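Protein chains in written order, with our numbering: chain H, 1 to 253; chain B, 1 to 253. Backbone N, C-alpha and C fix where the C-beta goes; we use that ideal spot for every residue, glycine too. Fair warning: this is a prediction, and the values are worked out from it, not measured in the lab.
2 protein chains.
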Amino acid sequence: MTVDERRAWEIVLAHIENDLLLGRLRPGDRLPGERTLATDLGVGRSSVREAIRVLEVLGLVRTNVGSGPNAGAIIVALPGGGMSALMRLQVAAQGFPVADIVKTRLVLETAVAAELAEAVLSAALLRPDRQHPDRQDPDLGRCAQLLDAMDAPGLTEDEFLALDAAFHLSLAEACGNQVVIATMAGLRTAIEGYVRAGVARLASWPDTSARLRAEHRGILAAIEGADPAGAHGLVHAHISGYYAETRLTPAPH
Amino acid sequence: MTVDERRAWEIVLAHIENDLLLGRLRPGDRLPGERTLATDLGVGRSSVREAIRVLEVLGLVRTNVGSGPNAGAIIVALPGGGMSALMRLQVAAQGFPVADIVKTRLVLETAVAAELAEAVLSAALLRPDRQHPDRQDPDLGRCAQLLDAMDAPGLTEDEFLALDAAFHLSLAEACGNQVVIATMAGLRTAIEGYVRAGVARLASWPDTSARLRAEHRGILAAIEGADPAGAHGLVHAHISGYYAETRLTPAPH
DNA sequence: AGCGCTATGTGGTCAGACCACAGCACGCAA
DNA sequence: TTGCGTGCTGTGGTCTGACCACATAGCGCT
């Protein structure tokens with residue numbers, strides 16, 4: 001009797017979300033075809049497409065044309081892309097001030113560094129103890145590899161910035177928190193253009209590059225040295241100093 | 001000569017993003033009509049609609065039917081809704097473990113509380129000084145109001161949870177960081193269902209409710225008392241304790 | 001001057017058509 | 001028997017055209 005006041009695409013989205021919550025759809029599964037979904041839900045195919053488009057942008061599905069097992073919309077649940085798009089567009093629309101992006105990154109990354117150092121500390125303390133198998137030494141190998149790559153001579157500014165972004169993201173990945181990983185990736189993407197512009201305002205890129213690399217080494221050393229407070233402080237100085245130097249923020253913390 | 005390999009809706013999205021970046025579109029402005037946009041960009045109206053649907057879900061535009069100044073798609077840049085949808089769906093699709101949501105909330109809210117307390121401290125120290133007009137006493141009035149409302153007798157669990165969510169969000173709002181506000185709102189929305197389920201596992205709701213209210217008062221007192229470390233610790237205990245009690249996380253921090 | 005009706009333009013939706021694409025099965029040829 | 005090629009089939013991607021409900025603005029009538 002009651003009419004469904006939701007728009008057609010919202011019905012589709014809610015239906016898919018419900019299937020996800022009930023476990024009827026899991027990562028790796030394929031969504032029903034657009035035409036099937038349309039007839040099943042009593043909506044037009046264009047409405048189904050709008051809902052799937054939303055899911056795609058949010059990083060929940062990946063669509064493939066053609067036939068066979070790889071065709072169709074597949075649940076992937078890769079939050080990074082969606083978070084990046086959200087933050088990038090919000091910055092463009094002036095919903096997210098750049099200063100807030102930087103401050104949030106500061107909070108998250110200092111916490112990540114401190115937690116990594118704590119994990120190293122716990123792993124060292126509990127190493128002979130088999131009672132805590134979940135306390136593992138975090139995998140910092142990729143972080144170190146990226147730092148080595150940043151020492152290569154002849155890197156362009158863009159290549160350096162890409163490696164820099166990868167290093168900071170690798171810290172979050174070592175931490176393992178999916179939400180933080182996606183958020184950090186989004187924050188970085190959102191201000192990527194501003195970072196590039198800020199580099200142009202630097203007095204000396206070689207000097208800055210050398211300083212950044214040294215600070216990176218210091219951060220990694222503090223983490224591996226199981227020094228949470230030290231790692232926290234070094235990351236704070238690293239990020240706030242860099243953004244102050246490129247004048248990305250009106251006022252440092 | 002070169003073909004545009006992007007899909008049609010991506011062209012539309014990129015065009016609008018570009019207009020936003022160049023300042024041709026600002027919050028409050030209206031997008032061109034769907035038919036106009038379609039002919040201008042050489043795509044079909046359905047592709048334009050898919051792009052606008054994405055913008056709507058991400059919280060960038062609000063659409064209205066009809067005629068007049070309120071009709072059409074209007075730039076709003078309200079990130080909260082988009083962040084909530086993103087995180088809620090990612091949790092549903094198992095891209096975001098609930099434990100990671102909780103841990104991220106812990107990091108952000110402890111940082112918010114500490115920063116608020118620091119702001120109070122700075123405001124108190126600089127009160128006679130006119131040189132720092134940007135250092136203002138944060139507005140904690142709404143936080144206190146919500147705590148008063150939570151003391152009202154006869155609140156249902158859902159009403160209490162709604163006020164609880166509003167209180168925690170009001171802390172972020174007092175801090176003023178748009179990114180943190182949107183993220184906290186999204187985190188809360190994503191686990192709302194799990195919070196409700198967790199309440200059912202409580203031994204005694206009245207006891208828990210009373211404890212939560214007391215802890216809220218303590219947090220607010222620490223902030224107003226300009227005690228960053230105290231506020232940080234109290235928030236940490238409040239959140240991790242609550243989630244441990246409702247068994248939302250497999251292991252406390 | 002006030003009121004009501006209509007013209008207009010908006011997003012929302014659906015139906016149908018066509019395309020490019022990828023896989024698969026069938027059938028032909030070696 | 002084995003191999004290859006070719007069409008068939010179903011997928012998403014796109015466009016077109018049509019209709020609807022709605023909200024405003026302007027006109028004309030009272």
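request  = Would you mind telling me which residues of chain B sit closer than 9 Å to Phe160/H, beta carbon to beta carbon, in chain order?
outcome  = Within the first sequence, the letter at position 160 stands for residue 160/H. Here the premise fails: no neighbours, minimum Cβ distance about 24 Å.
request  = Could you name each continuous alpha helix (DSSP H) segment of 4 residues or more that falls completely within the stretch 158 to 196 of chain B, going from the start of the chain to the end?
outcome  = 178 to 190
ask   = Taking the continuous alpha helix (DSSP H) assigned at Ala77/H, which residues delimit it?
value = Taking the first residue of the first sequence as 1, we reach residue 77/H at position 77. Premise fails: Ala77/H is in no alpha helix (DSSP H) and is neither H nor E.
key: Straight-line gap, Ala152/B to Asp207/B (C-alpha atoms, nearest Å)   = Against the second sequence, residue 152/B aligns to sequence position 152. Against the second sequence, residue 207/B aligns to sequence position 207. Near 15 Å, if we compare the C-alpha coordinates of Asp207/B and Ala152/B.
task = Run the CB neighbour count on Thr183/H, radius 10 Å, all protein chains shown included, and call it buried at 16 or more, exposed below.
result = Against the first sequence, residue 183/H aligns to sequence position 183. So Thr183/H counts as buried.
task = Indicate whether Ile223/H and Ala117/H have their beta-carbon atoms separated by less than 9 Å.
result = Residue mapping note: residue 223/H aligns to position 223 of the first sequence, counting from 1. Residue mapping note: residue 117/H aligns to position 117 of the first sequence, counting from 1. Against a cut-off of 9 Å, the Cβ pair of Ala117/H and Ile223/H comes out as a contact.
query = So, does the CB of Asp4/H fall closer than 9 Å to a CB anywhere in chain B?
reply = Walking along the first sequence from the start, residue 4/H turns up at place 4. Cβ-Cβ to chain B under 9 Å: no for Asp4/H.
query = How long is the line joining the alpha carbons of Tyr243/H and Ala113/B, rounded to whole angstroms?
reply = In the first sequence, counting from the first residue as 1, residue 243/H sits at position 243. In the second sequence, counting from the first residue as 1, residue 113/B sits at position 113. Their backbone Cα atoms lie some 24 Å apart in a straight line.
message = Let's see if you can read the secondary structure: which residues bound the beta strand (DSSP E) around Asp62/B?
response = Numbered from its first residue, the second sequence carries residue 62/B at position 62. Sequence inspection shows Arg at residue 62/B; the Asp mentioned does not correspond to that position. Here the beta strand (DSSP E) through Arg62/B covers 61 to 64.
inquiry  = Can you tell me where the alpha helix (DSSP H) holding Asp100/H begins and where it ends?
reply    = Within the first sequence, the letter at position 100 stands for residue 100/H. Unbroken alpha helix (DSSP H) run through Asp100/H: 98 to 126.
task = Report all residues from its chain with a CB closer than 6 Å to the CB of Leu86/B; omit the five preceding and five following residues, and keep chain order.
result = Taking the second sequence and counting its residues from 1, one reaches residue 86/B at position 86. Closer than 6 Å at Cβ, skipping near neighbours: no residue.
query = Residues in the stretch 108 to 120 of chain H with C-beta within 9 Å of chain B's C-beta atoms, listed in sequence order?
reply = Leu108, Thr110, Ala111, Val112, Glu115
task = Return the first residue and the last residue of the alpha helix (DSSP H) that Ser240/H is part of.
result = The count along the first sequence starts at 1 and reaches residue 240/H at position 240. Ser240/H -> alpha helix (DSSP H) spans 228 to 245.
task = Tell me whether the beta-carbon of Ala93/H lies closer than 9 Å to the beta-carbon of Leu25/B.
result = Here residue 93/H refers to the residue found at position 93 of the first sequence. Here residue 25/B refers to the residue found at position 25 of the second sequence. For Ala93/H and Leu25/B, yes; Cβs fall inside 9 Å.
request  = For chain H, find out if any of its Cβ atoms is closer than 9 Å to the Cβ of Thr249/B; answer yes or no.
outcome  = Sequence index remark: in the second sequence, residue 249/B carries index 249 (1-based). Note that Thr249/B scores a pLDDT of 47, beneath 50, so its modelled location is shaky; the value from the coordinates is reported in the next line. No, Thr249/B lies away from the interface with chain H (no Cβ there is under 9 Å from its Cβ).
task = Compute every distance between the C-beta of Gly141/B and the non-hydrogen atoms of the ligand FAD, then say whether any falls below 8 Å.
result = The ligand FAD is absent from the structure shown, which contains no ligand whatsoever.
message = Looking at the strands, I want to know which residues DSSP matches up with Arg30/H.
response = Position 30 of the first sequence, counted from the start, is the residue given in the question as residue 30/H. Paired residue(s): Ile74/H.
inquiry  = Quick check on Ser209/B: buried or exposed, where buried means 16 or more other Cβ atoms within 10 Å of its Cβ?
reply    = Here residue 209/B refers to the residue found at position 209 when the second sequence is read from its first residue. By the neighbour-count rule (16 or more Cβ atoms within 10 Å), Ser209/B is buried.
Element boundaries [alpha helix (DSSP H), containing Thr208/H] = As a first step, residue 208/H must be located in the first sequence, where it is residue number 208. Unbroken alpha helix (DSSP H) run through Thr208/H: 205 to 224.
ask   = Do Leu13/H and Leu55/H have their C-beta atoms closer together than 9 Å?
value = Here residue 13/H refers to the residue found at position 13 of the first sequence. Here residue 55/H refers to the residue found at position 55 of the first sequence. Yes, the pair counts as a contact, with Cβ atoms nearer than the cut-off.
message = What would DSSP say about Ala92/B, mapped onto helix, strand or coil?
response = Numbered from its first residue, the second sequence carries residue 92/B at position 92. Helix, per DSSP.
task = To the nearest angstrom, report how far apart Lys260/B and Pro27/B are at their CA atoms.
result = Beyond the ends of chain B as shown, which are 1 and 253, falls residue 260/B; an answer cannot be given.
ask   = chain B beta carbons: is any one of them nearer than 9 Å to that of Thr183/H?
value = Position 183 of the first sequence, counting from 1, holds the residue named residue 183/H. Answer yes: the Cβ-Cβ gap between Thr183/H and chain B drops below 9 Å somewhere.
key: Anticipated Cβ contact below 8 Å, Pro79/H with Gln90/B, distance rounded   = In the first sequence, residue 79/H corresponds to position 79, counting from 1. In the second sequence, residue 90/B corresponds to position 90, counting from 1. Indeed, because the Cβ distance is near 5 Å, the residues count as touching under 8 Å.
message = Determine, for Ile223/B, whether the minimum Cβ-Cβ distance to residues of chain H falls below 9 Å.
response = Sequence index remark: in the second sequence, residue 223/B carries index 223 (1-based). False, the Cβ-Cβ gap to chain H never drops below 9 Å.
request  = To the nearest angstrom, report how far apart Glu5/B and Gly66/H are at their CA atoms.
outcome  = Counting from one through the second sequence, the residue named residue 5/B turns up at place 5. Counting from one through the first sequence, the residue named residue 66/H turns up at place 66. Taking the straight line joining both Cα atoms gives about 17 Å.
inquiry  = Residues of chain H with CB closer than 8 Å to the CB of Ala14/B, please, in chain order.
reply    = The residue labelled residue 14/B in the question sits at position 14 within the second sequence. Neighbours of Ala14/B on chain H: none; closest Cβ ~11 Å, over 8 Å.
request  = Kindly indicate the opening and closing residues of the alpha helix (DSSP H) around Ala149/B.
outcome  = The sequence position of residue 149/B within the second sequence is 149, counting from 1. 141 to 150 is the span of the alpha helix (DSSP H), which, as asked, contains Ala149/B.
Beta-carbon proximity check, Gly198/B vs Glu215/B, cutoff 9 Å = Taking the second sequence and counting its residues from 1, one reaches residue 198/B at position 198. Taking the second sequence and counting its residues from 1, one reaches residue 215/B at position 215. Not a contact, by the Cβ cut-off of 9 Å.
inquiry  = Going by C-alpha to C-alpha distance, which of Trp9/B, Arg7/B, Ile101/B sits closest to Asn177/H?
reply    = Start at 1 with the first residue of the first sequence, and residue 177/H comes out as number 177. Per the Cα distances, Ile101/B.
task = Compute the Euclidean distance between the alpha carbons of Leu37/H and Arg45/H, then round it to the nearest angstrom.
result = In the first sequence, counting from the first residue as 1, residue 37/H sits at position 37. In the first sequence, counting from the first residue as 1, residue 45/H sits at position 45. Computed Cα separation, rounded: 8 Å.
message = Need the endpoints of the alpha helix (DSSP H) that Ser47/B sits in, please.
response = Counting from one through the second sequence, the residue named residue 47/B turns up at place 47. From DSSP, the alpha helix (DSSP H) with Ser47/B extends over 45 to 57.
inquiry  = According to DSSP, is Glu259/H part of a helix, a strand, or is it coil?
reply    = In the structure as shown, chain H starts at 1 and stops at 253, and residue 259/H therefore has no counterpart that could be examined.
message = Less than 6 Å between C-beta atoms, sequence neighbours within five positions excluded: which residues of the same chain meet that for Ala73/H?
response = Mapped onto the first sequence, residue 73/H falls at position 73. Result list for Ala73/H: Leu31, Ile52, Val61, Thr63, in chain order.
key: CB of Val57/B within 9 Å of CB of Glu34/B, strictly   = The count along the second sequence starts at 1 and reaches residue 57/B at position 57. The count along the second sequence starts at 1 and reaches residue 34/B at position 34. No, these two residues do not count as a Cβ contact at 9 Å.
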